[in-house]
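Numbering (the UniProt record's numbering), first residue to last: 1 to 265.
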């Protein structure tokens, strides 16, 4: 979701590609070109990739502090031949946010700053929370915020509280944009964990299988929360014209059927 609009320069438009993916501690696949849509024309100017649940076991996390993690390596190896370089990144345990840009744009990317907020275990653990990066792009102040919020269908209010806490606690060292929502454009992405409320499992699956996603919109928890939370109303969400992504089996677009009968969301 995002707030605001901008252009690269007075007459030129830029193409931005944003990815969010809960990778569930898995190692990256060999090929991610389809994920990044590298064949689009005109080619993408900025890539922003937000990952959740990157492998963050103590030994692995320490190793990743010394050398780049495997996901960052793959992204750099994939994008470098296209003339893109990594501008910055920020990581908090399993949360990772990376920004890549065409080399021609680098002189116009300034005032880069990253920050993070923990919300797991009363704010002391970083398995949940948010990481963000802000920068000036051709004079436009942009901010990208990658969040992983509380799980489980009954915790919708907790998710809203966590996001509000993240917005309240993330500060930047710039007088004109000291907070996230002060930026010209803000992109909010991540595993937000909002679910589809009320509808039964059979109705959900029937609506999904028939492509009638519109029958689910009114019970989307985030849509419902936006009606009562003014700060959420500042964000504009794109059309929900795709299958709910929770919870696919690994390396599959089929819903997981083992164990608990989770509602797609």
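Glycine included, every Cβ here is placed at the ideal spot set by N, Cα and C.
So, are the CB atoms of residue 145 and residue 129 less than 8 Å apart?
Not closer than 8 Å, so no.
Can you give me the Cβ contacts of residue 10 inside the same chain, cut-off strictly under 7 Å, excluding the 5 residues immediately before and after it?
At residue 10, the pLDDT of 45 sits below 50, so the modelled position is not reliable and the matter cannot be decided from this model.
Just the C-alpha distance for residue 32 and residue 231, rounded to the nearest angstrom, thanks.
The alpha-carbon atoms of residue 32 and residue 231 are separated by roughly 35 Å.
Grab me the residues of residue 150's own chain with a C-beta within less than 8 Å of its C-beta, minus the 5 sequence neighbours each way, in chain order.
119, 128, 158, 159, 162, 193
For residue 68, which residues in the same chain have their Cβ closer than 8 Å to its Cβ, ignoring the five residues on either side in sequence?
76
Have a look at 224, 228, 207, 262 and flag the residue whose alpha-carbon is nearest the alpha-carbon of residue 243.
207
For residue 117, which beta-bridge partners are listed by DSSP?
130
Between residue 107 and residue 134, what straight-line distance do the alpha-carbon atoms span, to the nearest angstrom?
16 Å
Classify residue 32 as helix, strand or coil using the three-state DSSP reduction.
Note: residue 32 maps to coil in three-state DSSP.
Under 8 Å between the Cβ atoms of residue 185 and residue 142?
It is a contact, given that the beta carbons lie within the stated cut-off.
In whole angstroms, give me the CA-to-CA distance for residue 197 and residue 215.
12 Å
From residue 247 to residue 91, what distance separates their C-alpha atoms?
Separation of residue 247 and residue 91 (C-alpha to C-alpha, rounded to the nearest whole angstrom) is 24 Å.
Under three-state DSSP, which class holds residue 206?
DSSP places residue 206 in helix when its eight states are reduced to three.
On the criterion of 16 or more Cβ atoms from any shown chain inside 10 Å, does residue 195 qualify as buried, or is it exposed?
Buried: at least 16 other Cβ atoms inside 10 Å.
Extract the residue ranges of the beta strand (DSSP E) inside the stretch 178 to 231, only unbroken runs of 3 or more that lie entirely within it.
185 to 191
Assign residue 116 to buried or exposed, taking buried as 16 or more other Cβ atoms, counted over all protein chains shown, within 10 Å of its Cβ.
buried
In whole angstroms, what separates the C-alpha of residue 15 from that of residue 252?
Going from the Cα of residue 15 to the Cα of residue 252 covers about 29 Å.
What does DSSP give as the partner residue(s) for residue 89 in the beta ladder?
98
Starting from residue 163, follow the alpha helix (DSSP H) in both directions and report where the run begins and ends.
156 to 169
Measuring only the C-alpha atoms, how far is residue 136 from residue 86?
16 Å
Are residue 23 and residue 49 closer than 8 Å when you measure CB to CB?
no
Within this structure, are the beta carbons of residue 45 and residue 105 separated by less than 8 Å?
yes
Less than 8 Å between the beta carbons of residue 168 and residue 178, yes or no?
No, Cβ-Cβ distance for residue 168 and residue 178 is not below 8 Å.
Helix, strand or coil for residue 104? Go by DSSP, reduced to three states.
helix
Measuring only from the beta carbon, is residue 265 closer than 7 Å to any heavy atom that is part of the ligand ADP?
The ligand content of the structure shown is nil, which means the ligand ADP is not present either.
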